[in-house]
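Here the structure comes first, spelled out in structure tokens, and everything after it is commentary.
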Amino acid sequence: MRIGVLTGGGDCPGLNAVIRAIVRSGVNRHGHSIVGFRYGWAGVLSDNAIELTPQNTAGILPRGGTILGSSRTNPYKGDANGTEAVRATLEREGIDIVIPIGGEDTLGVAGRLSGDGVPIVGVPKTIDNDLAGTDYTFGFDTAVQICTDAIDRVHTTAESHNRVLVVEVMGRHAGHIAVHSGMAGGADVILIPERPFDIDQVCESLRRRHSSGRTFSIVVVSEGAVPRDGTGLTTVSGEKDAFGHERLGGIAVTLEKEIEERTGYETRMTILGHVQRGGTPTAYDRVLATRFGVEAVAAATEGDFGNMVALRGRDIIRVPLAEALTEPKLVDPRLFDTAEVFFG
Ligand code: F6P
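Quick note on my numbering: the sequence shown kicks off at 36 and runs consecutively.
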């Protein structure tokens with residue numbers, strides 16, 4: 036069997052661990068050959084491919100990013116006949132099955148191709164952990180650890196200067212990173228997309244905390260957090276990617292200004308941005324990524340197409356690709372309730 040692999044969308048710690056697992060199990064255990072497409076679906080459209088071997092993928096397990104490169108290319112953009120273009124390359128390269136490693140957009144393309152009869156097994160990826168169909172995605176644990184380390188650091192400087200520190204983390208549709216890192220880092224307020232916030236209530240909660248003798252506060256906010264209508268705050272930059280998603284980021288700038296003006300507490304903000312996606316994956320993410328890669332090859336070998344590998348409880352399972360493409364998986368309200376115990 037000849038398997039094509041690609042990594043699409045935002046990069047994520049653990050991608051190289053998946054690639055390594057696909058190559059090692061594909062070649063050594065099953066005798067397949069593996070072709071890597073460069074820069075996501077862009078590499079399939081332009082037939083930019085390299086042969087992947089256990090030799091040229093050695094040593095990549097702890098490396099962040101992706102040795103294949105990534106992009107947010109949409110083969111169906113506009114009126115493009117993505118399926119025909121992808122099929123042409125697969126035929127030219129003699130590929131029997133494609134394993135795309137990606138989030139909602141990359142797997143959305145995969146779902147469409149699969150519907151058109153292209154043999155696909157998907158591997159879910161996103162630091163946001165908001166993909167339905169899997170309990171966890173690799174990269175999330177690493178991002179949460181990076182954010183927690185950052186919150187620990189701003190804690191000591193906030194305390195020294197009697198300031199409010201606003202830390203903006205990633206999370207487009209869901210606040211998983213904010214809730215987990217905020218809980219781990221002892222945040223006093225956590226704002227997430229699932230719970231539109233009222234700036235007056237945020238300030239009131241900070242005032243309560245400070246009037247009880249505390250001299251500093253930490254606010255953790257998801258980039259996708261939105262104010263309740265009427266407050267006049269906004270997070271939208273106006274830019275859109277090839278899949279039509281708005282580029283987020285900057286809510287912390289607004290919060291810094293609003294909190295300082297309304298409370299009189301000196302306030303500073305930090306946007307963690309792509310720091311959260313960089314560097315070496317945690318042990319948890321390396322293991323999850325490895326399990327996903329091995330299972331994807333097993334599914335491919337069995338001819339079990341149209342699926343995505345997933346984590347359910349402690350087990351690696353296969354779910355229909357379509358399941359991954361339903362509504363994003365949001366923060367469990369019970370977890371947020373627990374986080375709220377420590378607010379203010
Ligand atoms: O989807 C993962 C993610 O990191 C989001 O949290 C974030 O909104 C987006 O990617 C950023 O994308 P880019 O790297 O294109 O700026």
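We put the beta carbon where it would ideally sit given N, CA and C, even for glycine.
It should be emphasised that the depicted structure is a prediction, and the values quoted were computed from it without experimental measurement.
Whole-angstrom Cβ separation of G341 and S149, contact assumed at under 8 Å? The residue given as residue 341 occupies position 306 in the sequence shown. The residue given as residue 149 occupies position 114 in the sequence shown. Right, the Cβ-Cβ distance comes to about 5 Å (below 8 Å), so this counts as a contact.
Hey, would you say G157 sits closer than 8 Å to L356, going by beta carbons? Position 122 of the sequence shown holds residue 157. Position 321 of the sequence shown holds residue 356. Cβ distance < 8 Å, so G157 and L356 count as in contact.
Cβ separation of G49 and R312, assumed to be a contact under 8 Å, to the nearest whole Å: Within the sequence shown, numbered from 1, the residue matching residue 49 stands at position 14. Within the sequence shown, numbered from 1, the residue matching residue 312 stands at position 277. At roughly 11 Å, the Cβ-Cβ gap does not stay under 8 Å, so G49 and R312 are not in contact.
By the DSSP assignment, the alpha helix (DSSP H) with P159 in it spans what residues? By 1-based counting over the sequence shown, the position of residue 159 is 124. Not the alpha helix (DSSP H): P159 falls in the beta strand (DSSP E), residues V156 to P159.
Excluding five sequence neighbours on each side, which residues of the same chain lie with their C-beta closer than 6 Å to the C-beta of E291? Your numbering for residue 291 matches position 256 in the sequence shown. So the list reads V201, T302 and M304, once near-sequence residues are dropped.
Would you kindly work out how many angstroms separate the C-alpha atoms of D187 and I54, rounded to a whole number? Reading the sequence shown from its first residue, position 152 is the one you call residue 187. Reading the sequence shown from its first residue, position 19 is the one you call residue 54. Distance between the alpha carbons of D187 and I54: 33 Å.
Answer yes or no: do P154 and M343 have a C-beta to C-beta separation smaller than 8 Å? The residue given as residue 154 occupies position 119 in the sequence shown. The residue given as residue 343 occupies position 308 in the sequence shown. No, they are not a contact pair.
Coil, strand or helix - F371 by DSSP: If you number the sequence shown from 1, residue 371 lands on position 336. Helix, per DSSP.
Quick one, are the C-beta atoms of I163 and R207 less than 8 Å apart? By one-based count along the sequence shown, residue 163 stands at place 128. By one-based count along the sequence shown, residue 207 stands at place 172. Before going further, note that residue 163 is Asp rather than Ile in the sequence given. It is a contact, given that the beta carbons lie within the stated cut-off.
On the DSSP bridge list, what partners appear for L226? The count along the sequence shown starts at 1 and reaches residue 226 at position 191. According to DSSP, L226 bridges with V256.
Excluding the 5 residues flanking T336 on each side, which residues of the same chain have their C-beta closer than 6 Å to its C-beta? In the sequence shown, counting from the first residue as 1, residue 336 sits at position 301. H65.
To the nearest angstrom, how far is the alpha carbon of T118 from that of G146? Within the sequence shown, numbered from 1, the residue matching residue 118 stands at position 83. Within the sequence shown, numbered from 1, the residue matching residue 146 stands at position 111. Between the C-alpha atoms of T118 and G146 there is a straight-line separation of about 11 Å.
Does the Cβ of E295 lie closer than 7 Å to at least one heavy atom of ligand 1? Translated into the one-based positions of the sequence shown, residue 295 becomes position 260. Checking the Cβ of E295 against ligand 1 gives no.
Are the segment 203-217 and the segment 231-249 touching, with three or more C-beta to C-beta distances below 8 Å? no
Test item: CB-CB of D140 and R107 under 8 Å: As a working mapping, residue 140 is identified with position 105 in the sequence shown. As a working mapping, residue 107 is identified with position 72 in the sequence shown. Yes, they are a contact pair.
Which of the three DSSP states, helix, strand or coil, is assigned to T191? For the purposes of this step, residue 191 is identified with residue 156 of the sequence shown, where counting begins at 1. Of the three classes helix, strand and coil, the one that applies to T191 here is helix, per DSSP.
Mind reading off the beta-carbon distance from G220 to I253? Whole number of angstroms is fine, and I expect it under 8 Å. One-based indexing of the sequence shown puts residue 220 at position 185. One-based indexing of the sequence shown puts residue 253 at position 218. Confirmed, Cβ separation roughly 7 Å.
Three-state secondary structure (DSSP) of F173: The sequence position of residue 173 within the sequence shown is 138, counting from 1. If DSSP states are grouped into helix, strand and coil, F173 belongs with coil.
As assigned by DSSP and simplified to three states, the class of G143: As a first step, residue 143 must be located in the sequence shown, where it is residue number 108. Residue state, collapsed to three classes: helix.
Assign R303 to one of three DSSP states: helix, strand, or coil. For the purposes of this step, residue 303 is identified with residue 268 of the sequence shown, where counting begins at 1. When secondary structure is reduced to three states using DSSP, R303 falls in the strand class.
I'd like to know if the segment 77-95 and the segment 255-262 are in contact, where contact means that at least 3 CB-CB pairs between them fall below 8 Å. no
Span separating the alpha-carbon of E239 from that of G75: Numbered from its first residue, the sequence shown carries residue 239 at position 204. Numbered from its first residue, the sequence shown carries residue 75 at position 40. Each residue's alpha carbon lies about 46 Å from the other.
Determine the contact status of A167 and P363, defining contact as a CB-CB distance below 8 Å. One-based indexing of the sequence shown puts residue 167 at position 132. One-based indexing of the sequence shown puts residue 363 at position 328. Taking 8 Å as the Cβ cut-off, A167 and P363 qualify as a contacting pair.
Report whether the distance from the Cβ of M304 to the nearest heavy atom of ligand 1 is below 7 Å. Here residue 304 refers to the residue found at position 269 of the sequence shown. No.
Does any heavy atom of ligand 1 sit closer than 7 Å to the C-beta of H65? As a first step, residue 65 must be located in the sequence shown, where it is residue number 30. For ligand 1, not one heavy atom lies less than 7 Å from the Cβ of H65.
Three-way DSSP call (helix, strand, coil) for M343 in this model: In the sequence shown, the residue the question calls residue 343 occupies position 308. Looking at M343 - three-state DSSP - the assignment turns out to be strand.
Going by beta carbon distance, what residues of the same chain come within less than 7 Å of I69, once the five residues before and after it are set aside? As a first step, residue 69 must be located in the sequence shown, where it is residue number 34. Closer than 7 Å at the Cβ level, and outside the excluded window around I69, lie I38, V40, I57, V58, G61, V62 and L87.
Following the continuous beta strand (DSSP E) through E86, name the residue where it begins and the one where it ends. By one-based count along the sequence shown, residue 86 stands at place 51. According to the DSSP assignment, E86 belongs to the beta strand (DSSP E) that extends over A84 to L87.
Can the beta-carbon of S104 be found less than 8 Å from the beta-carbon of A84? If you number the sequence shown from 1, residue 104 lands on position 69. If you number the sequence shown from 1, residue 84 lands on position 49. At residue 104 the sequence reads Gly, which differs from the Ser that was named. No. Outside cutoff.
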